[in-house]
Structure formats: C-alpha cells, structure tokens
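Protein chains in written order, with our numbering: chain A, 1 to 123; chain B, 124 to 246.
There are 2 protein chains.
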Amino acid sequence: MATAKISPCCSPVLHARLGKDDAAELATTFRALADPGRLRLLSFIAAQPGAEACVCYLTGPSGLSQPTVSHHLKVLNDAGLLEREKRGTWVYYRIVPARLEAVREALAPVPSEKKRVARGHER
Amino acid sequence: MATAKISPCCSPVLHARLGKDDAAELATTFRALADPGRLRLLSFIAAQPGAEACVCYLTGPSGLSQPTVSHHLKVLNDAGLLEREKRGTWVYYRIVPARLEAVREALAPVPSEKKRVARGHER
DNA sequence: ATGCAACATCGACCGTCATCGATAAAGGAG
DNA sequence: CTCCTTTATCGATGACGGTCGATGTTGCAT
Numbered sequence: 001m002a003t004a005k006i007s008p009c010c011s012p013v014l015h016a017r018l019g020k021d022d023a024a025e026l027a028t029t030f031r032a033l034a035d036p037g038r039l040r041l042l043s044f045i046a047a048q049p050g051a052e053a054c055v056c057y058l059t060g061p062s063g064l065s066q067p068t069v070s071h072h073l074k075v076l077n078d079a080g081l082l083e084r085e086k087r088g089t090w091v092y093y094r095i096v097p098a099r100l101e102a103v104r105e106a107l108a109p110v111p112s113e114k115k116r117v118a119r120g121h122e123r
Numbered sequence: 124m125a126t127a128k129i130s131p132c133c134s135p136v137l138h139a140r141l142g143k144d145d146a147a148e149l150a151t152t153f154r155a156l157a158d159p160g161r162l163r164l165l166s167f168i169a170a171q172p173g174a175e176a177c178v179c180y181l182t183g184p185s186g187l188s189q190p191t192v193s194h195h196l197k198v199l200n201d202a203g204l205l206e207r208e209k210r211g212t213w214v215y216y217r218i219v220p221a222r223l224e225a226v227r228e229a230l231a232p233v234p235s236e237k238k239r240v241a242r243g244h245e246r
C-alpha cells in the first residue's frame with residue numbers, strides 16, 4: 001500500500017461541505033477515539049519506547065479484561081491508528097503517527113484567505 | 124507563550140499516560156465528533172459567512188428532521204464546539220475555533236523524544 | 001387577545017457498542 | 001507428543017445513543 005502522504009482518510013471538516021460518505025468515514029475514525037479505554041491504551045503505547053507495546057503490557061495498567069483490551073486494539077487497528085506486528089508468541093501494537101496527523105488535519109482551520117493571497121494568479 | 128493558551132479542555136494523548144478522568148473527558152469531546160450528521164452540520168456552519176448559521180438553514184441540507192438537528196446542535200454546544208446565540212425568533216450557532224484547535228492539540232505528536240531521553244533517569 | 005413560525009424537549013423505538021467469561025487458535029518449552 | 005502462555009473470537013447482556021412524531025415554549029405579527 002502506498003503509505004507515504006498524510007493519508008486518504010479524512011476530508012477536512014471546515015473547508016467545504018461534507019458529503020454523506022465523507023462524513024461517515026470521518027465519523028468512524030472519531031468513533032475509534034471516542035472511548036476512554038482506547039484513549040488510555042493509545043497513551044500507554046505512546047509512552048513506551050518506539051511508541052509500541054506488547055498486549056501483555058497493556059492489560060494490567062488499563063484495568064480492563066484481556067478480551068476487552070484485544071477488542072479495543074482491534075478497533076484502533078481497523079481505524080488505522082495502530083499497526084499490528086506479531087513477534088513469536090507476542091503481539092506488538094505500534095502507533096501510526098501519520099494517521100493521527102491526518103485526523104488533526106481534518107480539524108484544521110479554513111485555508112481560505114491565505115491561499116488566495118499565495119496564489120495571486122487571479123484577477 | 125502561544126502554546127499553553129489553547130484551552131482547559133484536553134489532555135494530550137501522546138505526551139503522557141492518561142488518567143481515567145482525563146480520558147473520559149477527552150472521549151466525550153471525540154464522541155461529539157463521532158457522528159456523520161454532526162460532522163456535516165459543522166461543515167455546513169463553517170461554510171457560512173462568519174462561520175455561523177441559523178438552525179432553519181441547517182434542517183434542509185442535512186436531510187434530518189428538525190428535532191434531530193436540534194439534538195445534534197445541543198450535543199455540539201455542550202461539547203463547546205458551537206456557541207449559541209438567540210436573535211429574535213431565530214437561533215444562530217457559531218463555530219468555536221479555539222475548541223477545535225484544542226482537540227487538534229490533544230492529538231499533537233510527543234513534545235520531543237530526545238528531550239525525554241536526554242533527561243536521563245526517570246521511570 | 002389569536003395565530004403563526006422557529007426551536008427545544010419529551011417519549012419511545014431500535015440499532016450499536018462496551019464489557020466480560022468461556023473457549024478457540026497459535027506458538028514456545030520440555 | 002503434552003502442557004502452558006499469549007492473543008483472538010464467540011456469545012450474552014446491559015447500557016448508551018440516533019432518530020422521529022408529538023408536544024411544549026418562545027417571540028413576532030396582526
């Protein structure tokens with residue numbers, strides 16, 4: 001998959017009127033972030049060296065059962081916010097910074113005035 | 124100090140381990156953004172001059188019933204993403220850019236990996 | 001006063017989701 | 001092979017949330 005650039009994920013909210021499908025896609029991403037347990041898991045993983053963590057490291061601190069943690073990690077993985085890597089018996093989840101950045105971009109202020117000035121080609 | 128100005132809203136996800144309270148608060152904000160209808164309403168309002176819109180302007184384009192639109196606007200208002208102003212018979216909702224910016228900040232990358240390492244002994 | 005328009009609230013229905021125990025699947029270690 | 005550990009999946013349950021019709025509330029006009 002052509003990883004690279006910020007991602008094909010999110011149409012910006014404030015730049016133009018969102019279509020139903022764009023809105024649905026963006027909402028899915030936000031829904032993945034709309035749970036306290038998942039946000040804590042993200043922060044726990046981010047706090048680890050390399051921004052990656054083994055599942056067995058997460059069940060304790062989160063205070064959630066192992067099935068629940070596994071479920072949340074799957075949701076975050078499906079949303080593209082985490083990537084999964086199996087190493088022997090253990091599974092490591094790693095934060096995907098580009099995806100987080102894409103979500104931030106979706107909330108970016110309107111580009112309007114600056115862009116028109118920068119262009120400067122119309123009259 | 125342009126950095127710490129933003130808002131009292133959101134503890135950053137990637138900077139440190141989130142406590143349960145911080146996570147719950149942040150999750151509430153994301154939950155407000157986790158619905159296609161609300162995202163579209165935000166974009167519709169943002170597209171209007173002054174980033175504000177009358178409710179009567181929103182019911183049509185959104186394709187939602189008036190009670191549903193009213194409900195969504197209340198959720199966004201409670202989340203601090205919209206502010207409400209009554210003008211005569213009409214009610215105008217306006218986007219709160221600072222709040223959007225605060226959400227973006229909550230997803231900002233870690234301050235600096237090297238700074239943390241350079242500090243040496245912490246746990 | 002009456003009538004009308006804009007918005008909010010209420011009540012109910014129904015789908016979605018978070019949670020956990022039980023169980024399955026995959027991979028070492030002996 | 002058997003046993004144990006790690007993680008994922010299944011199934012059930014309880015709670016939350018989006019939706020809309022009906023109704024209430026507010027404000028303007030006549």
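Note that beta-carbon positions come from the ideal geometry of N, C-alpha and C, so glycine has one too.
Since this is a predicted model, take the numbers as computed values, not measurements.
Beta-carbon separation of residue i and residue j under 8 Å?
i, j, result
"L156(B)", "L39(A)", "no"
"V198(B)", "R207(B)", "no"
"V55(A)", "L73(A)", "yes"
"S185(B)", "G160(B)", "yes"
"F153(B)", "F30(A)", "yes"
Using a Cβ-Cβ cut-off of 7 Å (strictly less than) and excluding sequence neighbours within five positions of residue i, which residues of its own chain qualify?
i, result
"S130(B)", "Caution is warranted here: a pLDDT of 39 is assigned to S130(B), below 50, making its placement in the model unreliable, and no coordinate value can be reported."
"L107(A)", "V13"
"P111(A)", "H15"
At what residues does the alpha helix (DSSP H) containing residue i begin and finish?
i, result
"A98(A)", "P97 to A106"
"P12(A)", "Careful: P12(A) lies outside any alpha helix (DSSP H) and carries neither H nor E."
Around the C-beta of residue i, are 16 or more other C-beta atoms found within 10 angstroms, so that it is buried, or is it exposed?
i, result
"A202(B)", "buried"
"D144(B)", "exposed"
"A16(A)", "exposed"
"S11(A)", "buried"
"R104(A)", "buried"
With respect to the beta strand (DSSP E) encompassing residue i, which residues constitute its N-terminal and C-terminal limits?
i, result
"R207(B)", "L205 to R210"
"A53(A)", "E52 to C54"
Got a sec? Which residues, its chain only, sit under 8 Å from residue i by beta carbon, not counting five neighbours each side?
i, result
"A28(A)", "A quick correction: the sequence has Thr, not Ala, at residue 28(A). Excluding sequence neighbours, T28(A) sits near A79."
"L164(B)", "L181, S185, V192, H195, L196 and L199"
"A169(B)", "I218"
"L187(B)", "G160 and H195"
Pull out every residue of the stretch 61-83 of chain A whose Cβ sits closer than 9 Å to any Cβ of chain B, in chain order.
P61 and G63
Can you pull out the residues from the stretch 99-111 of chain A whose beta carbon lies closer than 8 Å to at least one beta carbon of chain B?
L100, E101, V103, R104, L107, A108, P109 and V110
Residues of the stretch 135-147 of chain B with a CB closer than 7 Å to any CB of chain A: list them in chain order, please.
V136, L137, A139, R140, L141, K143, A146 and A147
Interfacial residues, the stretch 46-60 of chain A to chain B, with Cβ spacing under 7 Å:
A46 and A47
Mind listing which residues of the stretch 152-166 of chain B have their C-beta closer than 7 Å to chain A's C-betas, in chain order?
F153, R154, L156, A157, D158, P159, L162, R163, L165 and S166
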